[in-house]
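Participant: In my numbering, the protein residues as written are 343 to 813. Backbone N, C-alpha and C fix where the C-beta goes; we use that ideal spot for every residue, glycine too. On a predicted model such as this, the values are computed, not experimentally measured, just so you know. Take a look at this one; I'll ask things after.
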Amino acid sequence: METGHGIKYRQLHIEDYLREIPAEQGRETGEYAHERITGNPDTNTDFRTDNLLDTILRSDNLNAAYKKVKTNKGVGGIDGMQVDELLPYLREHQSELVEQVREGKYKPNPVRRVEIPKEEKGKTRKLGIPTVVDRVIQQAIAQELTPLYEEQFSDNSIGFRPGRGAHDALERCRKYINEGYVYVVSMDLQSYFDTVNHSKLIEVLSRTVKDGRVISLIHKYLKAGVMEDGGFHATTEGVPQGGPLSPLCGNVMLNELDKELERRGHKYVRYADDCLILCKSRKSAERTMENIVPFITGKVFLKVNLQKTTVSHVSKIKYLGYGFYRHKGKCRMRIHPKSVAKMKNRIRELTTRGNKWSNQEREEKLRSYARGWINYYRYADMKSLMEQTDEWLRHRIRAVYWKQWKKVRTRYKMLRALHLPEWKVHEMANCRKGVWRAAGMLNSALTKRIIVDRLGYPDMTAHYLKVRVNY
């Protein structure tokens, strides 16, 4: 789906994809000099990071960054330059750009503020869209930093990491539940990406990145500001969602929480800022929540939404769109009711009788959405749900076609083309029922076989049975 700004989002989830996170406002605003970062005699240097900027600015790394930005597409930033204009610009200005970055003279542009709707009605998520040139530089930084931090990150940290996805997080949850960890602390970190503490983030980054020029460049991106409603707004906290560096910076900060949870021996799963701590009893979970919140707020400077941070049995939670239940002593996964409602709302949008799409456009959009949705939820037990959804979807499709056949003359023509008996054609063509009720009569005309095989609409049950995961 695209917003009016041309920005794609999903179930970010990715279902949604990027989320949010909090922290206290930083004390210091100046950029960190190279001597300040590496001059501490207690800090061990690493040859891989001492001259990291030179590695970032290698032509092969920059070329890979450009290709990644081009593949990801997306809209332009405040300068209006689009992705397809990037290559000619870089061919003309690459040497100058690289030299500015190397000498510390490069000044990142402010990001362009865009808001997209969240699942909660009336709430939005703020994105910060960098210029395409800044996206290339950020991507080049991320490509070199990622291998350094992958060595440090926990196996329980899943989100926005190479070779890992939401299904890995769900499988880890299922493993812990099967081991008897059935009470969950669901941590809600309030507006995380919007309120990351700059000073704390720079401090944590500096433990690994010994090239002060890279730290200074990242700090410039943090302080670049936001253009919103035609005006400039300074950024004293937060990591704007929308740039290639944001997910990595988010994981770097929350790695501090991961290390503390592991030091205390907790079972947990974290996907970006969506964190579950699993315990064997309610009392243990309540005690864990009571003890970990002060660490989060006092040591990592993150804000915890105490109203939404809860202790629940696993059967009561929603995680990454899924729910959990026990069957024959084993943990199984299902689709959470809120995810079902969201899916049906999207299908309603795609089958609204008043939209201006051609039948082919509607069929393509439905098929693409259904395939992607089922692929994501293929770990869930949902055969009955898919069968019910298929029947409802085909009824909506019949209603769309009946609405198109407004005139009696058109109905005669289309019904005869479906090889119905003449008496049936006459009866249905002269029907005076409303669209939804009339669609029920079309079951014998627009059959499942015609809708799926001839018209190309999705058979959700068949696709689910093809891709579902048995465990």
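#1: Let me know if Val475 comes out buried or exposed under the rule of 16 or more other beta-carbons within 10 Å of its beta-carbon.
#2: Looking only at its own chain, which residues have a Cβ that is under 7 Å from the Cβ of Leu599, when we skip the five neighbours before and after it?
#3: Hey, is the region 443-457 in contact with the region 503-520, meaning 3+ C-beta pairs nearer than 8 Å?
#4: Assuming the contact rule is C-beta atoms closer than 8 Å, Gly592 and Tyr534 should be a hit. Round their C-beta distance to whole Å, please.
#5: Can you name the start and end residues of the beta strand (DSSP E) that Asp616 belongs to?
#6: Using 8 Å as the threshold, is the region 487-506 in touch with the region 646-661, meaning 3 or more CB pairs across them?
#7: Quick check: the region 759-773 against the region 665-685, are at least 3 beta-carbon pairs closer than 8 Å?
#8: For Ala712, count neighbouring C-beta atoms within 10 Å of its own C-beta (all shown protein chains included) and say buried if the count is 16 or more, exposed if not.
#9: For Ala576, I'd like the list of residues in its chain whose CB is within less than 6 Å of its CB, leaving aside the five on either flank, ordered along the chain.
#10: In the structure shown, what three-state DSSP assignment does Cys673 receive?
#11: Are the region 739-758 and the region 719-729 touching by the rule of at least three beta carbon pairs closer than 8 Å?
#12: Could you check what DSSP says for Phe666 in three-state terms: helix, strand or coil?
#13: Is it true that the region 685-704 meets the region 778-795, where meeting means three or more beta-carbon pairs spaced less than 8 Å apart?
#14: How should Asp616 be labelled, buried or exposed, when 16 other C-beta atoms within 10 angstroms of its C-beta is the threshold for buried?
#15: Evaluate Pro582 with the Cβ neighbour count: other Cβ atoms within 10 Å of its Cβ, from every protein chain shown; 16 or more gives buried, anything less gives exposed.
#16: What does a CB cutoff of less than 8 Å around Lys465 pick up in its chain, not counting 5 residues either side in sequence?
#17: In chain order, what residues of the same chain have a beta carbon less than 6 Å from the beta carbon of Ser588, not counting five sequence neighbours either side?
#18: Determine, using beta-carbon pairs with one atom in the region 728-738 and one in the region 512-522, whether at least three such pairs fall under 8 Å.
#19: Can you name, in chain order, every residue of its own chain whose Cβ lies under 6 Å from the Cβ of Leu490, other than the five neighbours on each side?
#20: CB-CB under 6 Å to Asp530, same chain, minus the five flanking residues each way: which ones, in chain order?
#21: By the 10 Å Cβ neighbour count, where 16 or more other Cβ atoms means buried, how is Phe574 classified, buried or exposed?
#22: Since I believe Leu399 is in contact with Val478 (beta carbons under 8 Å), could you give me their beta-carbon distance rounded to a whole number of angstroms?
#23: Starting from the N-terminal side, write out each stretch of the alpha helix (DSSP H) that is 4 residues or longer and does not extend beyond the region 416-472.
#24: Give the DSSP bridge partners of Lys290, in chain order.
#25: So, are the CB atoms of Val524 and Val656 less than 8 Å apart?
#26: Given Met343, which residues of its chain have a CB within under 6 Å of its CB, disregarding the five upstream and five downstream residues?
#27: Return the CA-CA distance between Pro472 and Glu570, expressed in angstroms with no decimal places.
#28: Does the Cβ of Asp801 have 16 or more other Cβ atoms within 10 Å, making it buried, or fewer, making it exposed?
#29: In the DSSP output, what is His768 paired with across the bridge?
#30: Determine the contact status of Phe495 and Asn414, defining contact as a CB-CB distance below 8 Å.
Facilitator: For this structure:
#1: By 1-based counting over the sequence shown, the position of residue 475 is 133. Per the 10 Å Cβ criterion, buried.
#2: Taking the sequence shown and counting its residues from 1, the one referred to as residue 599 is at position 257. Same-chain partners within the cutoff: Ile638 and Val642.
#3: Contact check between the region 443-457 and the region 503-520: fewer than three CB pairs, one atom from each, fall below 8 Å, which does not count as touching.
#4: Mapped onto the sequence shown, residue 592 falls at position 250. Mapped onto the sequence shown, residue 534 falls at position 192. Contact flag correct, Cβ pair sits at about 7 Å.
#5: Stepping through the sequence shown from its first residue, residue 616 is reached at position 274. From DSSP, the beta strand (DSSP E) with Asp616 extends over Asp616 to Cys621.
#6: no
#7: no
#8: For the purposes of this step, residue 712 is taken as the residue at position 370 of the sequence shown. Result: buried.
#9: In the sequence shown, counting from the first residue as 1, residue 576 sits at position 234. Setting aside the 5 residues that flank it on each side, Ala576 is surrounded in the same chain by Gly567, each with a C-beta closer than 6 Å to its C-beta; the list follows chain order.
#10: Counting from one through the sequence shown, the residue named residue 673 turns up at place 331. Cys673 falls in the strand class under three-state DSSP.
#11: no
#12: By one-based count along the sequence shown, residue 666 stands at place 324. Strand at Phe666.
#13: no
#14: For the purposes of this step, residue 616 is identified with residue 274 of the sequence shown, where counting begins at 1. By the neighbour-count rule (16 or more Cβ atoms within 10 Å), Asp616 is buried.
#15: Counting from 1 along the sequence shown, the entry for residue 582 is found at position 240. Per the 10 Å Cβ criterion, buried.
#16: Here residue 465 refers to the residue found at position 123 of the sequence shown. Here the set comprises Pro459.
#17: Along the sequence shown, one-based indexing puts residue 588 at 246. Excluding sequence neighbours, Ser588 sits near Val581.
#18: no
#19: Within the sequence shown, numbered from 1, the residue matching residue 490 stands at position 148. Cβ within range, chain order: Thr550.
#20: As a first step, residue 530 must be located in the sequence shown, where it is residue number 188. Its chain contains Asn647, Lys650 and Thr651 as the residues whose beta carbon lies nearer than 6 Å to that of Asp530, once the 5 sequence neighbours on both sides are disregarded; these appear in chain order.
#21: Here residue 574 is taken as the residue at index 232 of the sequence shown, counted from 1. That one is exposed.
#22: The sequence position of residue 478 within the sequence shown is 136, counting from 1. The sequence position of residue 399 within the sequence shown is 57, counting from 1. Incorrect: roughly 11 Å between the Cβ atoms, too far for contact.
#23: 428-444
#24: Only positions 343 to 813 of the chain appear in this structure, which leaves residue 290 out of reach.
#25: In the sequence shown, the residue the question calls residue 524 occupies position 182. In the sequence shown, the residue the question calls residue 656 occupies position 314. Yes, Cβ-Cβ distance for Val524 and Val656 is below 8 Å.
#26: Start at 1 with the first residue of the sequence shown, and residue 343 comes out as number 1. In this prediction, Met343 scores a pLDDT of 42, lower than 50, which makes its location untrustworthy; no coordinate-derived value is stated.
#27: The residue you call residue 472 lines up with position 130 of the sequence shown. The residue you call residue 570 lines up with position 228 of the sequence shown. Glu570 has its alpha-carbon roughly 13 Å from the corresponding atom of Pro472.
#28: Within the sequence shown, the letter at position 459 stands for residue 801. Of the other Cβ atoms in all chains shown, 16 or more fall within 10 Å of the Cβ of Asp801; this residue is therefore buried.
#29: Residue numbering aside, residue 768 sits at position 426 when the sequence shown is read from its first letter. For His768, which the question treats as bridged, DSSP gives no partner whatsoever.
#30: As a first step, residue 495 must be located in the sequence shown, where it is residue number 153. As a first step, residue 414 must be located in the sequence shown, where it is residue number 72. Not in contact: Phe495 and Asn414 (Cβ atoms no closer than 8 Å).
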